[in-house]
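Chemist:
Numbering (the numbering used here), first residue to last: 1 to 170.
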């Protein structure tokens with residue numbers, strides 16, 4: 001921070017929605033006071049995506065996940081300057097602000113993973129019904145049925161754990 005301006009240099013990885021064509025601003029958390037207590041070093045700043053020095057480097061996928069609603073981006077911030085009024089909350093309170101939204105975000109990602117697991121079990125069932133080995137559909141073998149059953153149990157256990165975590169968070 002210099003007077004009425006905040007200068008930002010760095011890279012933001014896994015910026016949710018950052019690669020969407022309608023994304024008009026970023027919430028960037030960075031070190032604003034490196035000598036402060038480790039929980040008071042960071043601040044959050046609103047950065048317009050059209051500010052000079054902001055470059056959407058590439059869209060990122062992870063574990064094969066493609067998010068068409070809020071595509072994830074890698075973003076370069078090179079000498080970006082924004083007005084000091086773009087500081088989100090108080091200086092040095094960025095980590096606290098991030099913690100508030102991390103819990104719900106983790107629940108959201110866990111629910112998406114459960115949905116993905118459900119889809120994979122459905123694909124496993126289709127494959128097991130179609131694939132023939134030694135004259136029988138693979139689904140007719142005890143081992144295959146056990147694997148499918150174990151997958152269903154794992155999904156249900158995780159679904160209940162996520163529901164409980166969401167309930168506790170609420």
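Idealized CB from N, CA, C, for every residue including glycine. Please read all numbers here as calculations on a predicted model, not as lab measurements.
#1: Tell me whether residue 31 is buried or exposed, calling it buried when 16 or more other Cβ atoms sit within 10 Å of its Cβ.
#2: So who's on the other strand from residue 12, going by DSSP bridges?
#3: Is it a yes or a no for the segment 102-111 touching the segment 52-62, going by three-plus beta-carbon pairs under 8 Å?
#4: Suppose contacts are defined by Cβ-Cβ distances below 7 Å. Is residue 8 in contact with residue 77 by that definition?
#5: Inspect the CB distances between the segment 89-99 and the segment 31-51 and report whether three or more fall short of 8 Å.
#6: If you run the structure through DSSP and keep just helix, strand and coil, what is residue 42?
#7: Output the distance between the C-alpha atoms of residue 160 and residue 2, rounded to the nearest integer angstrom.
#8: Quick check on the DSSP output: the alpha helix (DSSP H) that includes residue 101 runs from which residue to which?
#9: What's the call for residue 71, buried or exposed, on a 16-neighbour Cβ count within 10 Å?
#10: Between residue 164 and residue 83, what straight-line distance do the alpha-carbon atoms span, to the nearest angstrom?
#11: Going by beta carbon distance, what residues of the same chain come within less than 8 Å of residue 80, once the five residues before and after it are set aside?
#12: Are the CB atoms of residue 45 and residue 102 nearer to each other than 7 Å?
#13: Out of 166, 169, 5, which has the shortest C-alpha to C-alpha gap to residue 85?
#14: Within the continuous alpha helix (DSSP H) that includes residue 164, where are the two ends?
#15: Figure out for me which residue from 11, 143, 35, 120 has the closest Cα to the Cα of residue 28.
Modeler: On the basis of the data shown:
#1: As a working note, residue 31 is residue 31 in the chain shown. Exposed, because fewer than 16 other Cβ atoms sit within 10 Å of the Cβ of residue 31.
#2: In the chain shown, the residue the question calls residue 12 occupies position 12. Beta-bridge partners of residue 12 (DSSP): 75.
#3: Touching, no.
#4: Walking along the chain shown from the start, residue 8 turns up at place 8. Walking along the chain shown from the start, residue 77 turns up at place 77. With respect to the 7 Å criterion, residue 8 and residue 77 are classified as neighbours on the basis of their beta carbons.
#5: Yes: the two stretches touch, three or more of their Cβ pairs being nearer than 8 Å.
#6: Your numbering for residue 42 matches position 42 in the chain shown. Three-state result, residue 42: strand.
#7: The residue given as residue 160 occupies position 160 in the chain shown. The residue given as residue 2 occupies position 2 in the chain shown. Using only the alpha carbons, I get a separation of about 50 Å.
#8: Along the chain shown, one-based indexing puts residue 101 at 101. 94-130 is the extent of the alpha helix (DSSP H) around residue 101.
#9: Numbered from 1 along the chain shown, position 71 holds the residue referred to as residue 71. The Cβ neighbour count for residue 71, taken over all protein chains shown within 10 Å, is at least 16; the residue is labelled buried.
#10: Residue mapping note: residue 164 aligns to position 164 of the chain shown, counting from 1. Residue mapping note: residue 83 aligns to position 83 of the chain shown, counting from 1. CA-CA distance, residue 164 to residue 83, rounds to 42 Å.
#11: Within the chain shown, the letter at position 80 stands for residue 80. Within the same chain, and ignoring the five residues on either side of residue 80 in sequence, the residues whose Cβ sits closer than 8 Å to its Cβ are 7, 8, 9, 47, 51, 52, 53, 54.
#12: Within the chain shown, the letter at position 45 stands for residue 45. Within the chain shown, the letter at position 102 stands for residue 102. For residue 45 and residue 102, no; Cβs fall outside 7 Å.
#13: Against the chain shown, residue 85 aligns to sequence position 85. If you compare the alpha carbons of 166, 169, 5 with that of residue 85, the shortest gap goes to 5.
#14: Against the chain shown, residue 164 aligns to sequence position 164. Looking at the DSSP string, the run of the alpha helix (DSSP H) that includes residue 164 is 142-169.
#15: Residue 28 sits at position 28 when you count from the first residue of the chain shown. Looking at the Cα atoms, 11 is the closest of the given residues.
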